[in-house]
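J.: To convert, note that position 15 of the sequence shown is -2 in the numbering used here; the numbers rise steadily by one, no gaps.
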Amino acid sequence: MCIPTYRYERDYLLRHRRGAGYPPPNAIQGLKTLKLFRNWGSRGCRSVVRPIKVIVTNRNRQNRQVEARKHTRVEILRQWFNLPSLLLSNVTSLTNKMDELIVTVRSTRADIVAITEAWQIVPEMCMMQDFQLFHLRSERRGGGVAVYCRSTLSPSHFPLAVPPGMEALWVYE
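1) Mind checking whether phenylalanine 117 and valine 130 have CB atoms under 7 Å apart?
2) Going by alpha carbons, who is nearest to histidine 140 out of Pro147, Ala151, Pro146?
3) Let me know if glycine 125 comes out buried or exposed under the rule of 16 or more other beta-carbons within 10 Å of its beta-carbon.
4) For glutamate 156, which residues of its own chain have a beta-carbon under 7 Å away from its beta-carbon, when the five flanking residues on both sides are left out?
5) Applying the criterion that 16 or more other CB atoms from any shown protein chain within 10 Å of the CB defines a buried residue, is isoleucine 104 buried or exposed?
6) Is serine 72 buried or exposed, if buried means 16 or more other CB atoms sit within 10 Å of its CB?
7) Quick one, which of Arg92, Gln12, Asp82 has its alpha-carbon nearest leucine 66's?
8) Which residue from Trp153, Arg133, Arg123, Val154 puts its Cα closest to that of proline 147?
9) Please classify valine 145 as buried or exposed, where buried requires at least 16 neighbouring CB atoms within 10 angstroms.
10) Mapping the DSSP letters down to three states, classify alanine 144 as helix, strand or coil.
11) Considering only the beta carbon of each residue, do cysteine 132 and glutamine 115 sit closer than 7 Å?
12) According to DSSP, is asparagine 65 helix, strand or coil?
13) Classify valine 88: buried if its beta carbon has 16 or more other beta carbons within 10 angstroms, exposed otherwise.
14) Methionine 108 and threonine 75: beta carbons closer than 7 Å?
15) According to the neighbour-count rule (16 or more other Cβ atoms, all chains shown, within 10 Å of its Cβ), is leucine 143 buried or exposed?
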């Protein structure tokens, strides 16, 4: 079996990389003979299962082409662990987006919600039912971090020394 070889110059490939033009007909014909290029149509023949041909060498060093074995799907039962789910968000002013955050937390069923760019937080306005709020903001403009933890996790603030200019909030169960 003779495999066609194609040679292209660098300028030709760079021109086609930028999207200028289409490969020459002899290249397309070569790809079609190798069954690497097909016009699939609108559905892309997704429903058709095509066997993959593999060249196998036996003990006598003779090559033959066979179909690859079909893989059987193995279903593994999921094991659910009691791990909390986490939602991380950069909200840019939490007090303005509290309603949206509550809806998002309810729909994702998040247990821990970490928020960056919370800006100034008014705890009375930023409370969520069944969640405990921890927040920190340095004296600089912008910034601020907040962590909402589900009350069933019994969270506590962990006072850890943080270098100046950095905002970090540590919470543990």
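Backbone N, C-alpha and C fix where the C-beta goes; we use that ideal spot for every residue, glycine too. What you are looking at is a predicted structure, and each value in this text was computed from that prediction instead of being measured.
T.: In terms of the structure at hand:
1) yes
2) Here the closest residue by C-alpha is Ala151.
3) exposed
4) Correct list, in chain order: Leu136, Ser137, Pro138.
5) buried
6) buried
7) Arg92
8) Arg123
9) Counting Cβ neighbours within 10 Å, valine 145 comes out exposed, since fewer than 16 surround it.
10) coil
11) Here cysteine 132 is near glutamine 115, since their CB atoms are less than 7 Å apart.
12) coil
13) buried
14) no
15) Its Cβ having fewer than 16 others within 10 Å, leucine 143 is exposed.
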